[in-house]
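These notes concern the structure reproduced below.
Number of protein chains: 2
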Amino acid sequence: MEEKIKQLREALAEISDLSTVGAVLGWDQQTYMPPGGAEGRGNQLALIGRLAHERSTSPELGKLLDDLKPYAASLDPDSDEARLVKVTTRNYEKAVRVPTKHVVDFAQATTLGQQAWVEARSKSDFSIFRPHLEKIVALRQEYAAFFPNFEHPYDALLDDFEPNMKTADVKAIFDGLRPKQVELIKAISGKPQVDDSFLHQPFDEKKQWDFGVEVITKFGYDWNCGREDKAAHPFTVGFGIKDVRITTRVAPDFLNSMIFGTMHECGHALYGQGVAPELDRTGLEGGASLAVHESQSRMWENLVGRSLPFWQHFYPRLQEVFPQLGGVPLDKFYKGINKVQPSYIRVEADEATYNLHIMLRLEMEIAMLEGKVAVKDVPELWNVKMKEYLGVTPPNDAKGVLQDIHWSGGSIGYFSTYALGNLVSVQLWEKMIQDNPDVVEQIRQGKFETLLGWLRKNVHRHGGKFEPQELVQKVTGSKIDPAPYVRYLTKKYSEIYKL
Amino acid sequence: MEEKIKQLREALAEISDLSTVGAVLGWDQQTYMPPGGAEGRGNQLALIGRLAHERSTSPELGKLLDDLKPYAASLDPDSDEARLVKVTTRNYEKAVRVPTKHVVDFAQATTLGQQAWVEARSKSDFSIFRPHLEKIVALRQEYAAFFPNFEHPYDALLDDFEPNMKTADVKAIFDGLRPKQVELIKAISGKPQVDDSFLHQPFDEKKQWDFGVEVITKFGYDWNCGREDKAAHPFTVGFGIKDVRITTRVAPDFLNSMIFGTMHECGHALYGQGVAPELDRTGLEGGASLAVHESQSRMWENLVGRSLPFWQHFYPRLQEVFPQLGGVPLDKFYKGINKVQPSYIRVEADEATYNLHIMLRLEMEIAMLEGKVAVKDVPELWNVKMKEYLGVTPPNDAKGVLQDIHWSGGSIGYFSTYALGNLVSVQLWEKMIQDNPDVVEQIRQGKFETLLGWLRKNVHRHGGKFEPQELVQKVTGSKIDPAPYVRYLTKKYSEIYKL
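Same order as they appear, the protein sequences are chains A and B.
Residue 499 is where the first sequence ends in this note's numbering, and the numbering goes up by one at each step.
Residue 1499 is where the second sequence ends in this note's numbering, and the numbering goes up by one at each step.
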């Protein structure tokens, strides 16, 4: 069996290498590639994607996994090898159910869909995107139908991003969360608004960049195994665990984009850099799920980066870099970066309103997939729900239903992971504080070793060995639960807005 | 047969895509990759290389080429399709003669060889590199033995870089060149030396970079299909014809590195961007040979960039950018950038001495390959020949036999292409001037459209359709010939040094 495990590791290393090759091509595409390179890059990515897919669904891999099943059952179920067999089998069994024709159709539809979406958004004209979204929804329905064992068609989609998570679970979590968040926002809206005008003024871009670098270096980002570049839509990508790169954007007259964006991406990257070396090139080096990944980015962005202790340490330094903040006291700065204001745009939303943007999208996705809402009615329904949840109505579709790229790329089933990530971040945080009560004091001193060490040990090193619910349960003692997040929000905003 | 041609194009597109994927990985490795990424990158490159090799030597490809042979014979022999079959057959027949074991051995030996060379050079200790060079020479001998049809073992190596070029031809060309160049250098050494001290002073790096960009933009470099980045060892690389990137380096206190290096790489890139679109993704998009490629880089670097008319246009602008050159008249500047001084280092050599560095290397390579010189005796022989050809003796092996990376990477057979490129550049130039007598006047006005248009039409668009000798013959009416180069050097330096 050792020979077979070796063969499995070799097969997985090749698939992983193809996947990281594709990631390098994608990184370059979004950072440095000249416009002329687009068509060629499409060909390269399609080829690498096909080669990876062929290997991920090969009968030889299936045979190997079958042969290894009894052996894996004899091992400690939490051992690397048992998990390797389990996770690979899971992915293999999903992948082989999808005919190549569907893979090709989906790739074509989403390529065209993204092009149409760019045009539709720029013209704020949903009709341009509508036939493409109809096609994509139909293909997602077709995809779900390849997996009749799932209780709900949306389960099949969600499962690709959150292994073994059920739509019913997510709904239940969000049902527990929604009224509390709506109530909180209502309470805040009755209070005097905080001032954040000082964040909207010119800030030298190079100095912003350097400040971001200073912060994430203190967080523990390993520059020997990563780098930072600019990208229009920031992202983090790992080419294996020893080359995990972040990207960021710098707005010349708004400080938040760079500061919180950089910390967010660094959170993802710390996860990627912290996976156990023995999981590299196995397919388990990518993390447990999107929600668990997002828990890491949101923890460093929000629980660390938007906290008072963090700025007690870093604000004097920020004022040194930007003397124009000299007249803004810490308390005012802290309130400003935590201003709550319902808005149309998800990516600009504050912590108190963010999850409501997600819930709206999840409901619309499920309704489209169930066929209960026709694509043509989606813009109107969007605006109705925005009014209901956030009390605002987008002035046009560009700032409404067309704002996000996800659906055009076929990523239906993805959005909820953002909100789940927020919840998990606080669950983990509560446990981490319980284990290390002095972490907040350390943050006040600009020290992050204890926090990072705890995350490394409890979350990062496991990579993709555990399903998200399993991992959260293992670390915190309970499954994903909205209560800690509600507690956190309520406490934080009660202080800021004197509720 | 149309179906078979289509199949051939599809097979070649896949091989070409794998090759450009490898090129992206290599570009990133040399520009942006953090140190931690090295091991993973090695795995990725090895995989992509293996996949490309498998496809380039597959029996299916061989069958397709066999089937197409009679059809290709019925076509215009200069048509794209006839050439596609011819060149692919040629490459295929070479590739299948090399056993996979040799490919693997060679990859291992050169990986270790390069590591050892870096250490050997930094310590100036040939003994560290010696066993590796012995292994590499043995492997190159083994490689040559796979091709018993060649007259001389060195032919098999040279042929990989210069299709169908024979060692005897290169020797004959160099034999015609050597005495003339030695004589010229001797004459120059009897004259008062020109002053180039003004080139060695601090020059703001950003301003240098911007000046280089300004120049190559005027040359006609298409930024929509390319970009420029920094690299320790500048190179040009194309990922297909619509993404051809250059790299350069900027020395803070010496102007030549950036200026002439940037023009040199731009010359390569103009070639890459100028290949006919219908040759993209066929394996013919890469140019005729290394020598023809080098003729393009050297033409823009030397025949344009080190000419008086060029600086009659650009020198006022350079003085504007660098006021410290305000007191240096144009004539003095022109002489300074063309200073002849025999030196130890090939890459720093001027036009008059450069080819002698190459001849020395060619002779040593042939002698090693023939077994007439043992590797252990190479450093001493190197120094003897340096004294003989250039009148200088390197102070140590780091500045002598260990200065170039090529042998450590297995590139024995490569060096002569540099000198051949110099010769071809002037042959093409003479013909171009004959066709367009006003090009020099245009350059004096900072205009390069006619020159670039001529190169596009006569050289670039053909890509790799023709063998180098064929192409030179087709364009100039004669094969590669040292006479034009000797004429050019003699005229240029007679004026500068008043010979």
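Note that beta-carbon positions come from the ideal geometry of N, C-alpha and C, so glycine has one too.
None of these values were measured; they are calculated from a predicted model.
- Using a Cβ-Cβ cut-off of 7 Å, residue 34 of chain A counts as an interface residue toward chain B, since at least one Cβ of chain B sits closer than that to its own.
- A Cβ of chain A is located within less than 7 Å of the beta carbon of residue 1044 of chain B.
- Residue 230 of chain A: member of the beta strand (DSSP E) spanning 228-230, first to last residue.
- Contact note: residue 338 of chain A does not reach chain B at a C-beta cutoff of 7 Å; the least C-beta distance is about 34 Å.
- Excluding the 5 residues flanking it on each side, residue 1397 of chain B has same chain C-beta neighbours closer than 6 Å at 1124, 1126, 1379, in chain order.
- Neighbourhood of residue 1020 of chain B in chain A, by CB distance below 8 Å: 40, 44, in chain order.
- Judged by DSSP in its simplified three-state form, residue 1476 of chain B adopts helix.
- Where residue 246 of chain A is concerned, the enclosing beta strand (DSSP E) starts and stops at 244-248.
- Judged by DSSP secondary structure, residue 237 of chain A falls within the beta strand (DSSP E) whose first and last residues are 236-238.
- In the assembly as shown, residue 499 of chain A is an exposed residue. Its beta-carbon has fewer than 16 other beta-carbons within 10 Å.
- Under the 10 Å beta carbon count, residue 173 of chain A is surrounded by 16 or more other beta carbons and is classified as buried.
- Within the model, the alpha-carbon separation for residue 1220 of chain B versus residue 415 of chain A is close to 46 Å.
- Around residue 1328 of chain B, the same chain offers 1198 as residues with beta carbons nearer than 7 Å, after the five sequence neighbours per side are excluded.
- Cβ-Cβ separation between residue 463 of chain A and residue 285 of chain A: approximately 5 Å, consistent with a contact (criterion under 8 Å).
- Under the 7 Å criterion on CB atoms, residue 227 of chain A is classed as interfacial with respect to chain B.
- Secondary structure of residue 1310 of chain B (DSSP, three-state): helix.
- Contact check for residue 1451 of chain B against residue 1440 of chain B fails: the beta carbons are separated by 7 Å or more.
- The beta-carbon separation of residue 1412 of chain B and residue 1365 of chain B, rounded to 5 Å, stays under the 8 Å limit for a contact.
- For residue 207 of chain A, the closest of A:320, A:363, A:495, A:444 by C-alpha to C-alpha distance is A:320.
- Against residue 1223 of chain B, the close residues of chain A are 34, in the order they occur along the chain (beta-carbon pairs closer than 7 Å).
- If you check each beta-carbon in the stretch 451-469 of chain A against every beta-carbon of chain B, none falls closer than 7 Å.
- The C-beta of residue 498 of chain A comes no closer than 7 Å to any C-beta of chain B.
- In this chain, the alpha helix (DSSP H) harbouring residue 1178 of chain B covers 1167-1189.
- Taking a beta-carbon distance threshold of 7 Å, residue 1219 of chain B does not count as an interface residue toward chain A.
- In chain order, 47 make up the part of chain A whose C-beta sits under 7 Å from the C-beta of residue 1014 of chain B.
- DSSP places residue 1349 of chain B in the coil class of the three-state scheme, outside both helix and strand.
- For residue 242 of chain A, a Cβ of chain B is located within less than 7 Å of the residue's own Cβ.
- Taking a Cβ-Cβ cut-off of 9 Å, residue 61 of chain A has no neighbours in chain B, whose nearest Cβ is about 16 Å from it.
- With respect to the 7 Å criterion, residue 1153 of chain B and residue 1369 of chain B are classified as neighbours on the basis of their beta carbons.
- Closest in C-alpha terms to residue 1475 of chain B, from the list B:1492, B:1457, B:1270, B:1101, comes B:1457.
- DSSP, reduced to helix, strand and coil, places residue 251 of chain A within a strand of the structure shown.
- Interface flag for residue 103 of chain A against chain B is unset, since no Cβ pair is found closer than 7 Å.
- By the neighbour-count criterion, in which 16 or more other beta carbons inside 10 Å mark a residue as buried, residue 1245 of chain B falls on the buried side.
- When Cβ pairs closer than 8 Å are counted between the two stretches, the stretch 1076-1087 of chain B is seen not to touch the stretch 1290-1299 of chain B, the count staying below three.
- Listed along chain A, the residues sitting closer than 7 Å to residue 1028 of chain B by beta-carbon distance are 24, 28.
- Runs of the alpha helix (DSSP H) spanning 4 or more residues and lying entirely within the stretch 1365-1442 of chain B occur at 1378-1390, 1416-1435, in chain order.
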